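Residue numbers (the numbering used here), protein chains in the order written: chain W, 1 to 326; chain B, 1001 to 1249. What follows is a set of notes on a single structure, which appears directly below.
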Amino acid sequence: MHKASLLRDVIVGIIVVIAAVLLNMAIGTPMLRDLALRLCSLGLFAVSLNLLVGYTGLLSFGQATFYGAGAYMFTLLMQKSGLGIPSAFGLTLIGVSLLAVVVGTICVRLTGVYFTFLTLAIQMMFYSMLIAWSSFTGGEQGLTGGLPKPPFLGIDLTNPTHFYIFSVSVFVVSLVILRRIVASPFGASLRMIRDNADRALFLGVPVQRYKLFAFVVSSLFATVAGILTSLFVSGAFPNFAYWLTSGDGLFMIMLGGASNFFGPVLGAIVLIVLDNLINVHIKHHGLVLGVVILFVVLGMRKGILDYLAEIFASYSERSATRRSQP
Amino acid sequence: MTARLQLVKLHKRFGGVVATDNVSLDFAPSTLSAIIGPNGAGKTTLFNLITGRLKPSSGQVLLDGKDLVGLEPGAITRLGIGRAFQVASLFKTFSVRDSLAAAVLSRQRALGDMVGNFPGSMATDHVDRILHLTGLAHLAQRGSTELSHGDQKLLDIALALALEPKVLLLDEPTAGMGRNEARAMLERIHQVSQREKLTVIFIEHDMELVFGLAQSVRVLRYGAVLAEGTPAEIRAHPAVIAAYLGSEA
């Protein structure tokens, strides 16, 4: 299914970063950078969730827990500890992955709708805690008051261009890693679990343990997305960990397509574009998003990229038969 | 001769129902044994007890003398008990070759690798050998679910073979097949068991097929062993004739 090689992915990744830099030099408007930055965090969030939903068959409705936890922990560390960005980044990854191990251990024991609702329930608990523990989390206001961004390794994230290149690079590196995981034997074992967990078990696949791995890896990249967002908005807010954020993640996956690695990225692009078009002109943006989802679900019955891939596959198959029967 | 697989006073009850009643059976290495019995005789339950899907209420399952009771299905699989299912249990988005590669990598405990490429080249030789052994080589690139019913059953068995088991449990390998197709399937299984020196235990309904191929036959009824012996002995066994063969006629 995935004939990707690491070398090719790395080269493509470098080209994307260079292209992003050139684009910024050509039309470096704040508007463009804003869109790109939102794409980096939302797109990464959706791709991380798709590791569970699309590849492992675990429909998590709690991905925003880790997105929010990442943003809060990172912001708190930056505001209170005086650490540099790289160490706060690393500590946040470690901290949230511990949280993910605990939450994942509880959740992956269940399957189907029970798994989904447990992830949702834990997310709501986490959200309530963010609201209630206001001396620590700022309550409903969130962590305001800015986020200090001391320069590191010659990178100054208060400089818009630096921050733009930093975000794009983090996004690209994360995607290269996730793509490698998906194309690896471990990725294959996740698809085995998705297709037929029972059979995988009788082939000696440690199903529960691998589900937990997938859960933690997925949470780790949701954390990275959360950190990028907190850097972008210079703070952390409770709606990061609200169920609507998880819903957006699923929305992007459905829109773009779950069986293609880049489907959720396309979904993020569509969501951001729709958001921008709609919020400017109409108040009822839920109405338009709903219509789009209806169109995708009822009209195409799969995400946009899956749909296009299918058309392309049937087209090349037809032209192959035509060539073989002149 | 020491037994490869030994069931000792195996007992399983579901509430008030006794599904497996004091079953003691020995299976010698490199033999082909059939388990027959009417519906509800506890044949599949017996397989579930051996493979760890179910835990026996009491008794032992010994593989080369080691007790398997209480181990997880995955651990029992790794110790050398492979299993194919009554309804072919496959990975629908995998090709035949990829399914087998995944099974081989699982055997080699290489599925946790997050860096390498799947299927990669490590498993190729092994996969080719199994494709050849099971006669699925010409279908290697096909999707698992594109196969015919018989080939799906064969792939299911091939997946179990990829684990290099010592004991292979086949739950009705000929279910849903015509007489000729079923005969071909059992001959293929016979061949594989001979070549791989496997202990094969299969559940079968068709008496004629069983008597043609199996070296030993065990008859279950109401969860208990009604009779065991060579096909000729079973054919002449009065209790079997009364309980099973008689009712078939």
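Using N, Cα and C, we set each Cβ at its ideal position, and we do this for glycine too. Just so you know, these numbers come straight off a predicted model, no measurement behind them.
Are any of the Cβ atoms in chain B nearer than 8 angstroms to that of residue 175(W)? Taking the first sequence and counting its residues from 1, one reaches residue 175(W) at position 175. Residue 175(W) does not count as touching chain B.
Which two residues bound the contiguous beta strand (DSSP E) that contains residue 1138(B)? Here residue 1138(B) corresponds to residue number 138 of the second sequence, with the count starting at 1. Where residue 1138(B) is concerned, there is no enclosing beta strand (DSSP E), given that its DSSP letter is neither H nor E.
Is the Cβ-Cβ distance between residue 1061(B) and residue 1025(B) less than 8 angstroms? As a first step, residue 1061(B) must be located in the second sequence, where it is residue number 61. As a first step, residue 1025(B) must be located in the second sequence, where it is residue number 25. Going by beta carbons, residue 1061(B) and residue 1025(B) fall outside the 8 angstroms limit.
Quick one: what does DSSP say residue 1006(B) is sitting in, helix, strand or coil? Here residue 1006(B) corresponds to residue number 6 of the second sequence, with the count starting at 1. DSSP places residue 1006(B) in strand when its eight states are reduced to three.
Does the beta-carbon of residue 1019(B) have 16 or more other beta-carbons within 10 angstroms, so that it is buried, or is it exposed? In the second sequence, counting from the first residue as 1, residue 1019(B) sits at position 19. Buried: at least 16 other Cβ atoms inside 10 Å.
Can you name, in chain order, every residue of its own chain whose Cβ lies under 8 angstroms from the Cβ of residue 1072(B), other than the five neighbours on each side? The residue you call residue 1072(B) lines up with position 72 of the second sequence. Cβ neighbours of residue 1072(B) beyond the five flanking positions: 1052.
Using only the alpha-carbon positions, how far apart do residue 1069(B) and residue 1055(B) sit? The sequence position of residue 1069(B) within the second sequence is 69, counting from 1. The sequence position of residue 1055(B) within the second sequence is 55, counting from 1. Their Cα atoms are separated by approximately 7 angstroms.
Quick one: complete alpha helix (DSSP H) runs, 4+ long, within the segment 241 to 300 of chain W? 243 to 256, 263 to 281, 285 to 294
With DSSP collapsed to three states, give me the class of residue 1091(B). Taking the first residue of the second sequence as 1, we reach residue 1091(B) at position 91. Reduced to three states, the DSSP call for residue 1091(B) is coil.
Can a CB atom of chain B be found closer than 8 angstroms to the CB of residue 89(W)? In the first sequence, counting from the first residue as 1, residue 89(W) sits at position 89. No, residue 89(W) does not count as interfacial toward chain B.
Simplified DSSP state of residue 1237(B), which is helix, strand or coil: Against the second sequence, residue 1237(B) aligns to sequence position 237. In the structure shown, residue 1237(B) sits in coil (DSSP, three-state: anything other than H, G, I, E or B).
Separation of residue 173(W) from residue 155(W), as counted between CA atoms: Translated into the one-based positions of the first sequence, residue 155(W) becomes position 155. Translated into the one-based positions of the first sequence, residue 173(W) becomes position 173. Taking the straight line joining both Cα atoms gives about 17 angstroms.
Whole alpha helix (DSSP H) elements within the segment 118 to 176 of chain W, 4-residue minimum: Here the runs fully enclosed are 134 to 137.
According to DSSP, residues forming a beta bridge with residue 1202(B): Along the second sequence, read from residue 1 onward, the residue named residue 1202(B) stands at position 202. 1034(B), 1170(B).
By DSSP's criteria, residue 1066(B) is part of a beta bridge. Which residues make up the other side? Locating residue 1066(B) in the second sequence gives position 66, counting from the first residue. Answer by DSSP bridge pairing, in chain order: 1063(B).
Quick one, which of 218(W), 10(W), 136(W) has its alpha-carbon nearest residue 54(W)'s? In the first sequence, the residue the question calls residue 54(W) occupies position 54. Among 218(W), 10(W), 136(W), the Cα nearest to that of residue 54(W) belongs to 218(W).
Going by DSSP, name the residue or residues bridged to residue 1220(B). For the purposes of this step, residue 1220(B) is identified with residue 220 of the second sequence, where counting begins at 1. Per DSSP, 1225(B).
Compare the beta carbon distance of residue 1197(B) and residue 1030(B) with 8 angstroms and say whether it is the shorter of the two. Residue 1197(B) sits at position 197 when you count from the first residue of the second sequence. Residue 1030(B) sits at position 30 when you count from the first residue of the second sequence. Cβ distance < 8 angstroms, so residue 1197(B) and residue 1030(B) count as in contact.
What's the gap between the Cα of residue 1155(B) and the Cα of residue 1107(B)? In the second sequence, the residue the question calls residue 1155(B) occupies position 155. In the second sequence, the residue the question calls residue 1107(B) occupies position 107. Approximately 16 angstroms between the Cα atoms of the pair.
If you drop the 5 nearest sequence neighbours on each side, which residues of the same chain put their C-beta closer than 8 angstroms to that of residue 52(W)? For the purposes of this step, residue 52(W) is taken as the residue at position 52 of the first sequence. Closer than 8 angstroms at the Cβ level, and outside the excluded window around residue 52(W), lie 58, 59, 60, 63, 214, 215, 218.
Would you mind reading off the limits of the alpha helix (DSSP H) that contains residue 1026(B)? Counting from one through the second sequence, the residue named residue 1026(B) turns up at place 26. Note, residue 1026(B): premise wrong, no alpha helix (DSSP H); beta strand (DSSP E) at 1017 to 1027.
Status (buried if at least 16 other CB within 10 Å, exposed otherwise) for residue 186(W): Along the first sequence, one-based indexing puts residue 186(W) at 186. Counting Cβ neighbours within 10 Å, residue 186(W) comes out buried, since at least 16 surround it.
The segment 198 to 214 of chain W contacting the segment 1122 to 1136 of chain B, beta-carbon criterion three pairs below 8 angstroms: no
Our contact map puts residue 123(W) next to residue 65(W) with C-beta atoms below 8 angstroms; I'd like the distance itself, whole angstroms only. For the purposes of this step, residue 123(W) is taken as the residue at position 123 of the first sequence. For the purposes of this step, residue 65(W) is taken as the residue at position 65 of the first sequence. 5 angstroms between Cβ atoms; contact.
Please classify residue 1248(B) as buried or exposed, where buried requires at least 16 neighbouring CB atoms within 10 angstroms. Counting from 1 along the second sequence, the entry for residue 1248(B) is found at position 248. For residue 1248(B), the pLDDT reaches just 47, beneath the cut-off of 50, and the residue's location in the model is therefore unreliable, leaving the point undetermined.
Flag this pair as yes or no: are the beta carbons of residue 100(W) and residue 230(W) separated by less than 8 angstroms? Here residue 100(W) is taken as the residue at index 100 of the first sequence, counted from 1. Here residue 230(W) is taken as the residue at index 230 of the first sequence, counted from 1. Not closer than 8 angstroms, so no.
Contact set between the segment 182 to 196 of chain W and chain B, restricted to residues whose Cβ is under 7 angstroms from the partner: Those would be 183, 184, 185, 186, 187, 188, 189, 191, 192, 195, 196, in chain order.
Tell me which residue opens and which closes the alpha helix (DSSP H) that residue 1097(B) is part of. Locating residue 1097(B) in the second sequence gives position 97, counting from the first residue. 1096 to 1107 is the extent of the alpha helix (DSSP H) around residue 1097(B).
Residue 202(W) at chain B interface by Cβ criterion, 8 angstroms: Along the first sequence, one-based indexing puts residue 202(W) at 202. Yes, contact with chain B.
Any beta carbon from chain W within less than 8 angstroms of residue 1249(B)'s own beta carbon? Taking the second sequence and counting its residues from 1, the one referred to as residue 1249(B) is at position 249. Bear in mind that a pLDDT of 40 at residue 1249(B), under 50, signals an unreliable position, so the model cannot answer this.
Are the segment 17 to 35 of chain W and the segment 160 to 174 of chain W in contact at 8 angstroms, needing three or more beta carbon pairs? Proximity of the segment 17 to 35 of chain W to the segment 160 to 174 of chain W meets the contact definition, three or more beta-carbon pairs being nearer than 8 angstroms.
Could you please tell me which residues of the segment 1147 to 1167 of chain B, in chain order, have their CB closer than 7 angstroms to any CB of chain W? For chain W, the residues of the segment 1147 to 1167 of chain B that bring a beta carbon within less than 7 angstroms of one of its beta carbons are 1159, 1163, in chain order.
Could you compute how far the alpha carbon of residue 6(W) sits from the alpha carbon of residue 235(W)? What you label residue 6(W) is simply residue 6 of the first sequence in a count that begins at 1. What you label residue 235(W) is simply residue 235 of the first sequence in a count that begins at 1. Roughly 35 angstroms separates the two Cα atoms.
May I have the straight-line CA-CA distance separating residue 1013(B) from residue 129(W), to the nearest angstrom? Taking the first residue of the second sequence as position 1, residue 1013(B) is located at position 13. Taking the first residue of the first sequence as position 1, residue 129(W) is located at position 129. So the two alpha carbons sit approximately 47 angstroms from each other.
May I have the straight-line CA-CA distance separating residue 1160(B) from residue 1145(B), to the nearest angstrom? For the purposes of this step, residue 1160(B) is taken as the residue at position 160 of the second sequence. For the purposes of this step, residue 1145(B) is taken as the residue at position 145 of the second sequence. Spanning the two alpha carbons is a distance of roughly 17 angstroms.
Specify the secondary structure class of residue 1012(B) as computed by DSSP and reduced to three states. Position 12 of the second sequence, counting from 1, holds the residue named residue 1012(B). Looking at residue 1012(B) - three-state DSSP - the assignment turns out to be strand.
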